[in-house]
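Visitor: Okay, so the sequence shown: first residue is 3 according to the working numbering, each after it adds one.
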Amino acid sequence: MRDTIEFIKEKIKDFEPEIGIILGSGLGELADEYCDIAISYNDIPNFIKSTVQGHKGRLVFAEISGKKVVMMQGRNHYYEGHSMQEITYPVKVMKNLGVKKLILTNAAGGVSDKVQAGDLMLITDHINFMGANPLVGKNDDTLGERFPDMTEIYKKDLIGIAQNCAKECGIELKKGIYWANSGPSYETPAEISMIKSLGADAVGMSTVPEAIVANYCGLKVLGISCISNSASKTGGEKLSHEEVIATTNRVKEKFKKLVVNVIKNL
Ligand code: HPA
């Protein structure tokens, strides 16, 4: 960790980010539009590079709405074969850089009747069904407890702020529970029916590892999903990555506007 922090601090000098954002599918543009300093993951000691198409792989520092922000333009996923510890390392780096609040964004399949493709959904809680936990292994007592509480990962006050911002901007915002699978395969109809009956509203392949680690080390988390598709297809229609990307592209202006306004009020 020390070499990572020393390397980044050398590049950013006295820039001290207070807000971290992990940009999911479609939101990556935010880091093109607001970019004061960019560092490629490839150059940062102990970082892994991103391989999924459409994910750039840069740590971008910028002032947005008067707040100092660090963005991950492209995230690494468990399904790429990286360990849970590897994919959540950047969250610990953000903590060490002084970040206090973390906005996690993603694309997710809509499961419950509450959400439809094109909706934005605030994550109120999650269900970790990835079959792994990023806190497995020796605990670093300087970061957090061995058995950390997870009763309110997605902070109610941040959810309230996001809801007020959405109202002001005229953006409709849903609320719901995010279910995480490891991927990379999408769910079968039987799995979706199980996920639905167990109370989740959306399903995806990211966010939960980062949320667990962020909460563990004392970062306040806000989670927003872009519902990119209906996960519960009943008429035999197929789901493709292209459909997910097409929806996130269609929704990105609304998503960016919301995030920029939320940052202003955090
Ligand atoms: N399932 C899992 N992950 C996803 C989906 C989905 O339907 N859509 C976007 N990410």
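Heads up, the beta-carbon is just placed ideally off N, CA and C, and yes, glycines get one too.
In chain order, which beta strand (DSSP E) runs of at least 3 residues are fully inside the region 29 to 64?
Guide: 39 to 42
Visitor: Is Ala-202 a contact residue of the ligand HPA, with contact defined as CB to any heavy atom under 6 angstroms?
Guide: no
Visitor: Go through its chain and collect everything with a Cβ distance to Val-210's Cβ below 6 angstroms, but skip five positions before and after it.
Guide: If we look at Val-210 and ignore the five residues flanking it on each side, its Cβ neighbours are His-128, Asn-130, Ala-182.
Visitor: Any chance you could list the beta strand (DSSP E) runs of at least 3 consecutive residues sitting entirely within the region 67 to 101, in chain order?
Guide: 69 to 75
Visitor: Does the beta-carbon of Gly-238 have 16 or more other beta-carbons within 10 angstroms, so that it is buried, or is it exposed?
Guide: exposed
Visitor: Starting from Val-262 and walking both ways along the alpha helix (DSSP H), at which residues does that stretch end?
Guide: 243 to 267
Visitor: Under the three-state reduction of DSSP, which class applies to Glu-8: helix, strand or coil?
Guide: Helix at Glu-8.
Visitor: What residue range does the alpha helix (DSSP H) around Ile-197 cover?
Guide: Unbroken alpha helix (DSSP H) run through Ile-197: 191 to 199.
Visitor: From which residue to which residue does the alpha helix (DSSP H) around Asn-217 run?
Guide: 210 to 218
Visitor: Can you give the Cα-Cα distance for Phe-257 and Asp-142, rounded to whole angstroms?
Guide: 35 angstroms
Visitor: Shorter than 6 angstroms, the distance from the beta carbon of Tyr-188 to the closest heavy atom of the ligand HPA, or not?
Guide: Yes, since a heavy atom of the ligand HPA falls inside the 6 angstroms radius drawn around the Cβ of Tyr-188.
Visitor: Measure the C-alpha to C-alpha separation of Glu-170 and Val-253 and round it to an integer number of angstroms.
Guide: 18 angstroms
Visitor: Residue ranges of each alpha helix (DSSP H) run of no fewer than 4 residues wholly in the region 142 to 171, ordered along the chain?
Guide: List check, alpha helix (DSSP H) in window: 158 to 171.
Visitor: Assign Ile-14 to one of three DSSP states: helix, strand, or coil.
Guide: helix
Visitor: Could you please give me the residues that DSSP links to Tyr-180 through a beta bridge?
Guide: His-128, Ala-204
Visitor: What are the boundary residues of the beta strand (DSSP E) that Lys-235 is part of?
Guide: No beta strand (DSSP E) holds Lys-235; DSSP gives it neither H nor E.
Visitor: Okay, do the region 213 to 224 and the region 31 to 50 touch, 3+ Cβ pairs below 8 angstroms being the bar?
Guide: no
Visitor: Along the chain, where does the beta strand (DSSP E) that runs through Ile-21 open and close?
Guide: 21 to 25
Visitor: Taking contact to mean at least 3 C-beta pairs separated by less than 8 angstroms, is the region 241 to 249 in contact with the region 162 to 176?
Guide: no
Visitor: In three-state terms, what does DSSP make of Ile-226?
Guide: strand
Visitor: Which class does Lys-103 belong to by DSSP, given the choice of helix, strand or coil?
Guide: strand
Visitor: Any idea what DSSP makes of Ala-110, helix, strand or coil?
Guide: strand
Visitor: Does the beta-carbon of Asn-251, which I'm using as the reference point, lie nearer than 6 angstroms to any heavy atom of the ligand HPA?
Guide: no
Visitor: Report yes if the CB atom of Val-223 is closer than 7 angstroms to the CB atom of Gly-111, and no otherwise.
Guide: no
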